[in-house]
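Undergrad:
Numbering (the numbering used here), first residue to last: 27 to 171.
(1) Can you tell which of 167, 42, 35 has the C-alpha that lies nearest to the C-alpha of residue 103?
(2) Less than 9 Å between the C-beta atoms of residue 167 and residue 142, yes or no?
(3) Would you mind sorting residue 155 into buried or exposed? The rule is 16 or more other CB atoms within 10 Å of its CB.
(4) Residues in the same chain with beta-carbon distance under 6 Å from residue 90, minus the five sequence neighbours each way, listed in chain order, please.
(5) Excluding the 5 residues flanking residue 86 on each side, which residues of the same chain have their C-beta closer than 6 Å to its C-beta?
(6) What would DSSP say about residue 156, mapped onto helix, strand or coil?
(7) Fully enclosed by the region 61–105, which beta strand (DSSP E) runs are 3 residues long or longer?
(8) Which runs of the beta strand (DSSP E) fall wholly inside the region 102–153 and span at least 3 residues, in chain order?
(9) Take residue 33 and list the residues in its own chain whose beta-carbon comes closer than 7 Å to its own, dropping the five residues that flank it on each side.
(10) Within the same chain, show all residues whose beta-carbon is closer than 6 Å to that of residue 108, passing over the 5 residues directly before and after it, in chain order.
(11) Between the alpha carbons of residue 119 and residue 65, how many angstroms are there, rounded?
(12) Taking residue 151 as the reference, which of 115, 127, 162, 138 has the closest Cα?
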């Protein structure tokens, strides 16, 4: 498996994966209501975000997105057929490493409590810091000394 920077050609695969997950499911219409479209994803890839794809046999099997200015991981999704194979951990490590390289000493994210994602982040060393305004919970990871 290879982790690489995303490009505009990856947008259809990113959307397909986002719409295929088993938890935190969303429809294409709901994504559009939230302002997420092929165009907005392409803009994120070209702007101040770190967007990475996990690729296996020339196929995108996962992606992550981080806001490099706010040091926030705001998306991490893996194709259901590739769950449990370390894809998410490698994407998360890559995103966090880029945030550390950008000079941040703390990264944050939000997720639903009591989900596989919440447990995944805790296993990766993230700590619960409290509720988020939308009913999710906030987690943080501090840069090692």
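For glycine and all other residues, C-beta sits at the position ideal for the given N, C-alpha and C.
None of the values given here were measured: they were computed from a predicted structure.
TA: Taking the structure as given:
(1) Along the chain shown, read from residue 1 onward, the residue named residue 103 stands at position 77. Out of 167, 42, 35, the CA that lies nearest to the CA of residue 103 is found in 42.
(2) Here residue 167 refers to the residue found at position 141 when the chain shown is read from its first residue. Here residue 142 refers to the residue found at position 116 when the chain shown is read from its first residue. No.
(3) Working through the chain shown from its first residue, we reach residue 155 at position 129. With fewer than 16 Cβ atoms within 10 Å of its Cβ, residue 155 is classed as exposed.
(4) Against the chain shown, residue 90 aligns to sequence position 64. Cβ neighbours of residue 90 beyond the five flanking positions: 78, 102, 117, 121.
(5) The count along the chain shown starts at 1 and reaches residue 86 at position 60. If we look at residue 86 and ignore the five residues flanking it on each side, its Cβ neighbours are 36, 39, 79.
(6) Taking the first residue of the chain shown as position 1, residue 156 is located at position 130. Residue 156 carries a strand assignment under DSSP once its states are collapsed to helix, strand and coil.
(7) You should have 75–82, 85–93, 98–104.
(8) Note on the region 102–153: whole beta strand (DSSP E) runs with a minimum of 3 residues are 132–137, in chain order.
(9) If you number the chain shown from 1, residue 33 lands on position 7. By the criterion of a C-beta distance shorter than 7 Å, residue 33 is surrounded in its chain by 71, once the five residues flanking it on both sides are discounted.
(10) Along the chain shown, one-based indexing puts residue 108 at 82. Shown here for residue 108: same chain residues with a beta carbon closer than 6 Å to its own, the five before and five after excluded, namely 87 in chain order.
(11) Working through the chain shown from its first residue, we reach residue 119 at position 93. Working through the chain shown from its first residue, we reach residue 65 at position 39. About 27 Å.
(12) One-based indexing of the chain shown puts residue 151 at position 125. Among 115, 127, 162, 138, the Cα nearest to that of residue 151 belongs to 115.
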